[in-house]
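For reference, the structure is listed below as structure tokens.
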Amino acid sequence: KQWYQRRVAITAGERSHFVSVYRENPLKRQTVITALETLKKSHPDDDAISCLIIGTENKDMYILDPEAFTVLVKQSLPSQPVFLRSTGLYDVDYRILVACRNGNILVMKKGANSPKFCITLNSHPIGIERIGKNIVIATMDKNLMCYNNKIKNLWSIPIPHNITCLAGMDFKAKTFKGVLVGMDNSEVRVYRDKFLVDTMTVPDIPAMMQFGKYDREESTLIVITKSGGLHIFILKRNVDLSQGLASASMGPSPKQFQKLNVPRKTKTFVDQTLREREHGVAMHRQFQHDLYRLRLTTARNFAEALQKKMMPISSSNFAPLKLSANVQGIGPMFRLTIEVMNTSTSHPILGAYVVLVTNDTLYVLEKCYISLPLLVPSLTYTVNTMVRCTSDQGITDAINVFVYIKGKCSPVLTAIIDMPASESMIVV
Numbered sequence: 031k032q033w034y035q036r037r038v039a040i041t042a043g044e045r046s047h048f049v050s051v052y053r054e055n056p057l058k059r060q061t062v063i064t065a066l067e068t069l070k071k072s073h074p075d076d077d078a079i080s081c082l083i084i085g086t087e088n089k090d091m092y093i094l095d096p097e098a099f100t101v102l103v104k105q106s107l108p109s110q111p112v113f114l115r116s117t118g119l120y121d122v123d124y125r126i127l128v129a130c131r132n133g134n135i136l137v138m139k140k141g142a143n144s145p146k147f148c149i150t151l152n153s154h155p156i157g158i159e160r161i162g163k164n165i166v167i168a169t170m171d172k173n174l175m176c177y178n179n180k181i182k183n184l185w186s187i188p189i190p191h192n193i194t195c196l197a198g199m200d201f202k203a204k205t206f207k208g209v210l211v212g213m214d215n216s217e218v219r220v221y222r223d224k225f226l227v228d229t230m231t232v233p234d235i236p237a238m239m240q241f242g243k244y245d246r247e248e249s250t251l252i253v254i255t256k257s258g259g260l261h262i263f264i265l266k267r268n269v270d271l272s273q274g275l276a277s278a279s280m281g282p283s284p285k286q287f288q289k290l291n292v293p294r295k296t297k298t299f300v301d302q303t304l305r306e307r308e309h310g311v312a313m314h315r316q317f318q319h320d321l322y323r324l325r326l327t328t329a330r331n332f333a334e335a336l337q338k339k340m341m342p343i344s345s346s347n348f349a350p351l352k353l354s355a356n357v358q359g360i361g362p363m364f365r366l367t368i369e370v371m372n373t374s375t376s377h378p379i380l381g382a383y384v385v386l387v388t389n390d391t392l393y394v395l396e397k398c399y400i401s402l403p404l405l406v407p408s409l410t411y412t413v414n415t416m417v418r419c420t421s422d423q424g425i426t427d428a429i430n431v432f433v434y435i436k437g438k439c440s441p442v443l444t445a446i447i448d449m450p451a452s453e454s455m456i457v458v
């Protein structure tokens, strides 16, 4: 600001000199780095050369050459990047996960013109780590969640305190991979998948963590606290993380070790087992024979039902009808309701009528012949008749319902209604 005020206060002669000096200099805009990450250039070895990935406040991401420090890739982002995680090799193929300030997670692939949008978080990210083929994300709403490569949410667990930082943990001596979660109660938790493995306390609230090799130690945790302190924790080489605080939740269920109450083998069971072993082929042949007979009987009954028009829906082309009937009452008077519907889409049916046949010694029908009006397609027509039971012995029989079309000698539809038992008439 003072530099700007001095330039405004210069005289007219000094202005021409100032313009002649600075007019050839290109305009530059200073920005701030918001995220850093490394990407192996051509070899995946630990001591191989890596490219530097930089995220800036201007919503740009740069990949720098490790030798000439020139810009290899420049990519514009929809929001400011706050966390970067990379996999692969720059010379072969790579992917860069970008956690933005607006709560979105982007994926940048080699050769892509723009990053691909993949995840929208409900809260701002605190950290992002790639564990194997999964992506673990910590958010400000006290949640730790995991996604796979197809951006499917595998699990999500709540954290009891506010999360301050997140770091990946690769304990190669025990082939253990997990995440370290720092919380504002000065506690660091170790998670493998969604299971809590271990907990440790640090002197102050952790602000940043990094797990890896330090000097001669392969497994070292470096913690920087909010007060500015630097703490180094060395993991024992013979530590067994499977016996942590929540090791029981990672193993099999305790119910798997409970013995089942299996009854003892009886003599009948043993004899039946021996019989099946000795006569297995004959039993299978008998089963196939019975199955074929069942299929043959079913086909015969179905053919007989079609021949006698015993189906509830007519299969004829000239009179496609649907019939349903029900009985109401407890006796000795019953109400018989018959519903007929024309299932055709465009052809009405004229000259249909209903004939009822039953045992005259048990039932007396109010109407044995019911004429039907013109049957319009897709409409249901209902007719009723009263039935009186003349026997007080509790004997029941069936009523046959036939639907005819004038000019046809055989019925179009047939239904058999089983009558319920009649209650005795009470005379008051």
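Residue numbering for the sequence shown follows the working numbering, starting at 31 and increasing by one per position. Even for Gly, the Cβ is constructed at its ideal location relative to N, Cα and C. Keep in mind that this is a model prediction, so the values were computed, not measured.
Item to complete: Please say whether phenylalanine 241 and methionine 199 have beta carbons closer to each other than 7 Å?
Response: Position 169 of the sequence shown, counting from 1, holds the residue named residue 199. Position 211 of the sequence shown, counting from 1, holds the residue named residue 241. In contact: methionine 199 and phenylalanine 241 (Cβ atoms closer than 7 Å).
Worksheet entry | Status (buried if at least 16 other CB within 10 Å, exposed otherwise) for serine 344 | In the sequence shown, the residue the question calls residue 344 occupies position 314. Buried: at least 16 other Cβ atoms inside 10 Å.
Discussion item. For arginine 219, count the other beta carbons within 10 Å of its own beta carbon; 16 or more makes it buried, fewer makes it exposed. Which is it?
Written reply: By one-based count along the sequence shown, residue 219 stands at place 189. Looking at its Cβ environment, which holds 16 or more other Cβ atoms inside 10 Å, arginine 219 is buried.
Item to complete: Decide if cysteine 473 is buried, meaning its Cβ has at least 16 other Cβ atoms within 10 Å, or exposed.
Response: Any question about residue 473 goes unanswered here, given that the chain covers just 31 to 458.
Discussion item. Closest to cysteine 195 by C-alpha separation, out of Val433, Thr327 and Pro155, would be which residue?
Written reply: Counted from its first residue, the sequence shown places residue 195 at position 165. Nearest of Val433, Thr327 and Pro155 to cysteine 195, Cα basis: Pro155.
Fill in: Terminal residues of the alpha helix (DSSP H) in which glutamine 302 lies
What you label residue 302 is simply residue 272 of the sequence shown in a count that begins at 1. Segment 297-308, the alpha helix (DSSP H) holding glutamine 302.
Item to complete: Verify whether the separation of the beta carbon atoms of leucine 366 and threonine 426 is less than 7 Å.
Response: By 1-based counting over the sequence shown, the position of residue 366 is 336. By 1-based counting over the sequence shown, the position of residue 426 is 396. No, they are not a contact pair.
Fill in: Beta-carbon proximity check, leucine 351 vs leucine 443, cutoff 7 Å
Stepping through the sequence shown from its first residue, residue 351 is reached at position 321. Stepping through the sequence shown from its first residue, residue 443 is reached at position 413. Their beta carbons are under 7 Å apart, which means leucine 351 touches leucine 443 by this criterion.
Fill in: Inter-residue spacing [alpha-carbon to alpha-carbon] between isoleucine 93 and isoleucine 161
Translated into the one-based positions of the sequence shown, residue 93 becomes position 63. Translated into the one-based positions of the sequence shown, residue 161 becomes position 131. The alpha-carbon atoms of isoleucine 93 and isoleucine 161 are separated by roughly 23 Å.
Worksheet item: Apart from the five residues on each side of it in sequence, which residues of its chain come closer than 7 Å, Cβ to Cβ, to serine 106?
Response: For this step, residue 106 is matched to residue 76 along the sequence shown. Answer for serine 106: Lys89 and Asp90, listed in chain order.
Worksheet item: Is the beta carbon of leucine 114 less than 7 Å from the beta carbon of valine 128?
Response: Here residue 114 corresponds to residue number 84 of the sequence shown, with the count starting at 1. Here residue 128 corresponds to residue number 98 of the sequence shown, with the count starting at 1. Against a cut-off of 7 Å, the Cβ pair of valine 128 and leucine 114 comes out as a contact.
Discussion item. Tell me the DSSP secondary structure of histidine 477 in three-state form.
Written reply: Any property of residue 477 remains undetermined from this structure, which presents the chain solely from 31 to 458.
Discussion item. Going by beta-carbon coordinates alone, are glycine 361 and cysteine 398 separated by less than 7 Å?
Written reply: By one-based count along the sequence shown, residue 361 stands at place 331. By one-based count along the sequence shown, residue 398 stands at place 368. Taking 7 Å as the Cβ cut-off, glycine 361 and cysteine 398 do not qualify as a contacting pair.
Worksheet item: With a cut-off of 7 Å, does the C-beta of serine 440 fall near any C-beta of chain D?
Response: Protein chain content of the structure displayed is limited to a single chain, and chain D is not contained in it.
Discussion item. So, at 7 Å on beta carbons, what are the nonlocal neighbours of alanine 237 in its own chain, with the 5 sequence-adjacent residues on each side left out?
Written reply: Here residue 237 refers to the residue found at position 207 of the sequence shown. Same-chain partners within the cutoff: Thr194, Cys195, Ile254, Thr255 and Lys256.
Worksheet item: Are three or more beta carbon pairs between the region 109-124 and the region 58-78 nearer than 8 Å?
Response: Contact holds: three or more Cβ-Cβ distances are below 8 Å.
Worksheet item: Name the DSSP beta bridge partners of glutamine 240, please?
Response: Here residue 240 corresponds to residue number 210 of the sequence shown, with the count starting at 1. Per DSSP, Ile252.
Discussion item. Assuming valine 211 and leucine 174 are in contact, meaning their beta carbons sit under 8 Å apart, how far apart are those beta carbons, in whole angstroms?
Written reply: One-based indexing of the sequence shown puts residue 211 at position 181. One-based indexing of the sequence shown puts residue 174 at position 144. Correct: roughly 6 Å between the Cβ atoms.
Worksheet item: When DSSP labels each residue in this structure, what does phenylalanine 348 get in the three-state scheme?
Response: Numbered from 1 along the sequence shown, position 318 holds the residue referred to as residue 348. Coil.
Item to complete: Leaving aside the five residues before and after leucine 251 along the sequence, list all residues of the same chain whose C-beta is less than 6 Å from its C-beta, in chain order.
Response: Position 221 of the sequence shown, counted from the start, is the residue given in the question as residue 251. Excluding sequence neighbours, leucine 251 sits near Phe241 and Phe263.
Worksheet entry | C-alpha gap between phenylalanine 348 and methionine 449, whole angstroms | Counted from its first residue, the sequence shown places residue 348 at position 318. Counted from its first residue, the sequence shown places residue 449 at position 419. In a straight line, the C-alpha of phenylalanine 348 is about 32 Å away from that of methionine 449.
Discussion item. Let's test the definition: count the other Cβ atoms within 10 Å of the Cβ of arginine 305 and tell me whether it reaches 16, buried, or not, exposed.
Written reply: As a position in the sequence shown, residue 305 is number 275, starting the count at 1. Answer is exposed; the Cβ neighbour count stays below 16.
Worksheet item: Mind checking whether valine 417 and phenylalanine 364 have CB atoms under 7 Å apart?
Response: Here residue 417 refers to the residue found at position 387 when the sequence shown is read from its first residue. Here residue 364 refers to the residue found at position 334 when the sequence shown is read from its first residue. Yes.
Worksheet item: Can you list, in chain order, the residues of its chain whose CB lies under 8 Å from that of glutamate 217, leaving out five sequence neighbours each side?
Response: To locate residue 217, count along the sequence shown from 1; it is residue 187. Once the five neighbours on either side are set aside, the close Cβ partners of glutamate 217 are His191, Thr229, Met230, Thr231 and Val232.
Worksheet item: Quick one, which of Ala335, Leu321 and Arg45 has its alpha-carbon nearest proline 459's?
Response: Residue 459 is absent from the model: the chain starts at 31 and stops at 458.
Worksheet entry | Per-residue burial, lysine 71 [other beta carbons within 10 Å of its own, 16 or more giving buried] | For the purposes of this step, residue 71 is taken as residue 41 along the sequence shown, with counting starting at 1. Lysine 71 is buried by the Cβ-count criterion.
Discussion item. With the cut-off set at 7 Å, would you say serine 153 and arginine 131 are in Cβ contact?
Written reply: On the sequence shown, position 123 is the one that residue 153 refers to. On the sequence shown, position 101 is the one that residue 131 refers to. Not a contact, by the Cβ cut-off of 7 Å.
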